[in-house]
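Letter 197 of the sequence shown, counting from 1, is numbered 197 in full-length UniProt numbering, and no numbers are missing. Reading through the structure tokens given below for one structure.
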Amino acid sequence: MIRLILHGCNGKMGKNVIDAVKNSSKFTIVAGVDKINSKQDFPVYSRLKEVKEPADVVIDFSFHTAIPQLVEDAAELNLPVVIATTGLDAKEEALVLEKSAQIPIFMSANMSLGINLLVKLVTQAAKVLYENSDIEIIEKHHNQKLDAPSGTALMIAKAINDTLGNTFNFTYGRNPSSGKREKNELGIHAIRGGTIVGEHEVIFAGRDEVLEIKHTAQSRAVFAEGALKAAEFIIGKQPKLYSMKDLLEEG
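Structure representation (structure tokens):
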């Protein structure tokens, strides 16, 4: 049985991870970490290094400002970490990279296996179509989501740009003063409304044809299941920063 500490246990995604663990024969949650205590079936602490229970791995679904303390504590405790939180700034990302030299850290802007397969398909399509196509990304989420564009949309855009040698400048939305679209633009558009769990669509708009590649998350459960797969994957790995690409290649 894999012993799990859930960082951000009282949030929406924390609850989804708890439900996923209840339906799993591989995992047990030995402790949670959250700023706000609540009645759970496991003890809840205010920070990771206060946890008394032995554990094998940490899964994080919290807020980006909590990441520095998390990775500092995890490195001190020599615990592998799965970071599913998005919206990290450059300083926070740099600290994660620094600590990955001490412990294995798995980080992805989206824990869905399907969305990560979409990234793979999109980069393959970009190699073939980019010279004769305009590329746009549209993402839709619920009206409570704080960051925009989503971390997943940025992950997709970066994957395309990396594949094509940093060809594009990212354009975030358009307004009356935007003017004509430039060839080296990669448009990223965010929509917020209702209870949309998550939709990401990549459009390759050519002269006489359009290719659309889309992923729709119908439940947050897909992110919880992906995080558990990542946790199982990272246990026993060497210190390094891992991603869904590593998991998919091994699988």
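Each residue gets a CB set at the ideal place from its N, CA and C atoms; glycine is no exception.
Asked                                                                                                                                                             : Found
What did DSSP end up calling residue 194 once you bin it into helix, strand or coil?                                                                              : coil
Check the C-beta distance from residue 39 over to residue 46 and give it rounded, since I have them as a contact under 8 Å.                                       : Going by Cβ atoms, the distance from residue 39 to residue 46 rounds to 16 Å, so no, they are not a contact pair.
DSSP state of residue 64, grouped into three classes?                                                                                                             : helix
Note down, one range per segment and in chain order, each alpha helix (DSSP H) of at least 4 residues found wholly within the stretch 59 to 137.                  : 67 to 77, 90 to 99 and 113 to 129
Leaving out five residues on either side along the sequence, give the residues of the same chain with a beta carbon under 7 Å from the beta carbon of residue 42. : 29, 30, 31 and 32
In the DSSP assignment, what are the bridge partners of residue 29?                                                                                               : 4
Would you call the stretch 89 to 103 in contact with the stretch 117 to 124, where contact means no fewer than 3 C-beta pairs closer than 8 Å?                    : no
Is it true that the stretch 163 to 180 meets the stretch 94 to 114, where meeting means three or more beta-carbon pairs spaced less than 8 Å apart?               : no
How is residue 42 classed by DSSP in three states: helix, strand or coil?                                                                                         : coil
Just the Cα atoms here: how many angstroms apart are residue 76 and residue 69?                                                                                   : 11 Å
For residue 205, which three-state DSSP category applies?                                                                                                         : strand
If distances are taken between C-alpha atoms only, which option among 109, 72, 105 and 98 comes closest to residue 88?                                            : 109
DSSP beta-bridge partners for residue 179?                                                                                                                        : Looking at the DSSP assignment, residue 179 forms no beta bridge with any residue, so it has no partner.
Following the continuous alpha helix (DSSP H) through residue 240, name the residue where it begins and the one where it ends.                                    : Segment 240 to 242 is the beta strand (DSSP E) holding residue 240; no alpha helix (DSSP H) there.
Would you mind giving the Cβ-Cβ distance between residue 197 and residue 227, rounded to the nearest angstrom? I have them listed as a contact below 8 Å.         : So it is not a contact: roughly 15 Å between Cβ atoms.
When you compare each of 221, 194 and 186 to residue 205 by their alpha carbons, which one comes out closest?                                                     : 186
Would you mind giving the Cβ-Cβ distance between residue 188 and residue 171, rounded to the nearest angstrom? I have them listed as a contact below 8 Å.         : 7 Å
Assuming residue 54 contacts residue 234 under a Cβ cut-off of 8 Å, what Cβ separation, rounded to an integer in Å, is found between them?                        : Residue 54 to residue 234, Cβ: 17 Å. No contact.
Helix, strand or coil for residue 233? Go by DSSP, reduced to three states.                                                                                       : helix
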